[in-house]
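K.L.:
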Amino acid sequence: MAKKRYSPKVKFQVVLEALTGEKTPGQIAKQYGIHPNSVGLWKKEFLER
Numbered sequence: 004m005a006k007k008r009y010s011p012k013v014k015f016q017v018v019l020e021a022l023t024g025e026k027t028p029g030q031i032a033k034q035y036g037i038h039p040n041s042v043g044l045w046k047k048e049f050l051e052r
């Protein structure tokens, strides 16, 4: 099964929602159809830049 790629725009939207702290990573992941671990990884990548 091929790995799905997400646009930088989608990743940024996910990170913004994660940074606001209004939703849990699980809620954000469900909304965007991604794995909850991706939320944390993308947030970490964003903060390290």
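Heads up, the sequence shown is in the numbering used here, so the first residue is 4 and it goes up one at a time. A virtual CB, placed ideally from N, CA and C, is assigned to each residue, including glycine. None of the values given here were measured: they were computed from a predicted structure.
By the three-class DSSP mapping on this structure, what secondary structure does Glu25 have?
P.N.:
Position 22 of the sequence shown, counted from the start, is the residue given in the question as residue 25. Coil.
K.L.:
Under 7 Å Cβ to Cβ from Lys14, same chain only, skipping five residues before and after it: list those, please.
P.N.:
The count along the sequence shown starts at 1 and reaches residue 14 at position 11. Answer for Lys14: Trp45, listed in chain order.
K.L.:
Compute the Euclidean distance between the alpha carbons of Ser10 and Gln16, then round it to the nearest angstrom.
P.N.:
For this step, residue 10 is matched to residue 7 along the sequence shown. For this step, residue 16 is matched to residue 13 along the sequence shown. So the alpha carbons of these two residues sit roughly 10 Å apart.
K.L.:
Return helix, strand or coil for Tyr35, following the three-state DSSP convention.
P.N.:
In the sequence shown, the residue the question calls residue 35 occupies position 32. Of the three classes helix, strand and coil, the one that applies to Tyr35 here is helix, per DSSP.
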